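Undergrad: In this note's numbering, the protein residues as written are 3 to 180.
Even glycine gets a Cβ: it sits at the ideal position worked out from N, Cα and C.
Values in this document were obtained by computation on a predicted structure and should not be read as measured data.
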Amino acid sequence: MKKNNEPFFKQNFIFGCLIGGTFIFASLLFILAGKGVVVNAQFHNIIMMLTIFGIFMGVRKYRDEQLAGVISYGKALKTGIYILCIASLCYAVYVFFLYTFNADLLTEFKNVTITTLKITGQNSPLFKMLEENMDVYFVPASIAFGELFNRILVGAAFSLFIAGLVRRSKLPFNPQEF
3 MKKNNEPFFK QNFIFGCLIG GTFIFASLLF ILAGKGVVVN AQFHNIIMML
53 TIFGIFMGVR KYRDEQLAGV ISYGKALKTG IYILCIASLC YAVYVFFLYT
103 FNADLLTEFK NVTITTLKIT GQNSPLFKML EENMDVYFVP ASIAFGELFN
153 RILVGAAFSL FIAGLVRRSK LPFNPQEF
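As structure tokens, this is what we get:
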């Protein structure tokens, strides 16, 4: 018996791209409004809410449309993490190009990071090494990888909770069936 995973990958890939697109759209709105995205608590809270909402809606949509309303915790978790990985990858590619083509944003990121590190570890030899090699460590690829890892880690934590909310072992009683 051959198992067909095409609906899983296709539907959730599209939904993951849609969530990644909302991340990008939110980022562009903040940039166009002059708010910045480097260290902006409002922006990160909006991205977090989009992550939660996107995972919930994506898993629920997959459950209802492809699985006839029944999904296990494991499958819900797998679906949420898959959607999240696709969305995070889309956003990481955008971040790579954003920092590659916007030198001012890259400079702002470096300055904010160095300022934050000065506050936390002023006399540390690690800080001195990082400050000397800033151009090696803070490149668009490393920033994009950091965003990818951050979105996946935070979203996976939310997926653990959301999978419990959307799992359903049997359909609710429907009196119209009798």
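Which stretch, first to last residue, makes up the alpha helix (DSSP H) that contains N47?
TA: Taken as a continuous stretch (DSSP letters only), the alpha helix (DSSP H) holding N47 covers A43 to Q68.
Undergrad: Within the same chain, show all residues whose beta-carbon is closer than 8 Å to that of N42, passing over the 5 residues directly before and after it, in chain order.
TA: Taken in chain order, the residues that qualify are F32.
Undergrad: Helix, strand or coil for R170, going by three-state DSSP, please let me know.
TA: Residue state, collapsed to three classes: strand.
Undergrad: Name, in chain order, the residues that DSSP records as bridge partners for I73.
TA: BP columns for I73 point to R170.
Undergrad: Which one of I26, G56 and Q68 has the shortest CA to CA distance from F10?
TA: Measuring from the Cα of F10, the nearest candidate turns out to be Q68.
Undergrad: State whether the stretch 149-158 contacts the stretch 92-101, with contact taken as three or more CB pairs (one from each stretch) at a distance under 8 Å.
TA: The answer is yes - the stretch 92-101 touches the stretch 149-158, with three or more Cβ pairs under 8 Å.
Undergrad: Using 10 angstroms around the beta-carbon of T53, count the other beta-carbons present and answer buried if the total reaches 16, otherwise exposed.
TA: Buried.
Undergrad: Do you know whose CA, among M59, H46, V141 and T118, lies nearest I85's CA?
TA: Of M59, H46, V141 and T118, the residue nearest in Cα terms is M59.
Undergrad: In or out: I167 buried (at least 16 other Cβ within 10 Å) or exposed?
TA: Correcting the residue type first, residue 167 is Leu in the shown sequence and not Ile. Flag for L167 reads exposed.
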